[in-house]
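In the working numbering, the protein residues as written are 1 to 122. Even glycine gets a Cβ: it sits at the ideal position worked out from N, Cα and C. Below you'll find the structure, written out as structure tokens, and then a few comments.
The following block contains the structure:
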């Protein structure tokens, strides 16, 4: 679960492979996500965070990647694949941003945390 600067709440429903968005008052607003093996879909989503410019980042353990979405559910970009090198993941799980827009990714089976610099839109 994550919140953005407006107070919206973003819940990752891994079992149903959906991101669900709620108002600060807990009213359901929208959801997106489907099961598939194509970019923009989810295999086994594990982690969620929101950048300060409002984009939704989701880690997917099945695909070994991180996907970036608009709040309307449109895929903007994805990076990573299954592997052991920098930028590759084996079971990426938790995600978090720090105050300097660095994205931290728990790369569980590689026993490490990978860090990526994100350049937020002004």
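Three-state secondary structure (DSSP) of residue i
i, result
"residue 72", "coil"
"residue 118", "coil"
"residue 110", "helix"
"residue 102", "strand"
"residue 39", "coil"
"residue 59", "strand"
"residue 4", "coil"
"residue 44", "coil"
"residue 65", "strand"
Range of the contiguous beta strand (DSSP E) that encloses residue i
i, result
"residue 28", "28-32"
"residue 92", "92-97"
"residue 12", "9-13"
"residue 22", "18-22"
Residue i versus residue j: straight-line alpha-carbon distance, rounded
i, j, result
"residue 183", "residue 41", "In the structure displayed, the chain extends from 1 to 122; residue 183 sits before or after that span and is not available."
"residue 7", "residue 25", "9 Å"
"residue 211", "residue 44", "This structure cannot speak to residue 211, because the chain is shown only from 1 to 122."
"residue 28", "residue 68", "21 Å"
"residue 93", "residue 100", "21 Å"
"residue 112", "residue 14", "22 Å"
"residue 10", "residue 76", "17 Å"
"residue 36", "residue 118", "27 Å"
heavy atom of the ligand FMN below 6 Å from residue i C-beta
i, result
"residue 92", "This structure simply doesn't include the ligand FMN, nor any ligand for that matter."
Touch test, the segment 69-76 against the segment 86-94, Cβ-Cβ under 8 Å, three pairs minimum: No: the two stretches stay apart, fewer than three of their Cβ pairs being nearer than 8 Å.
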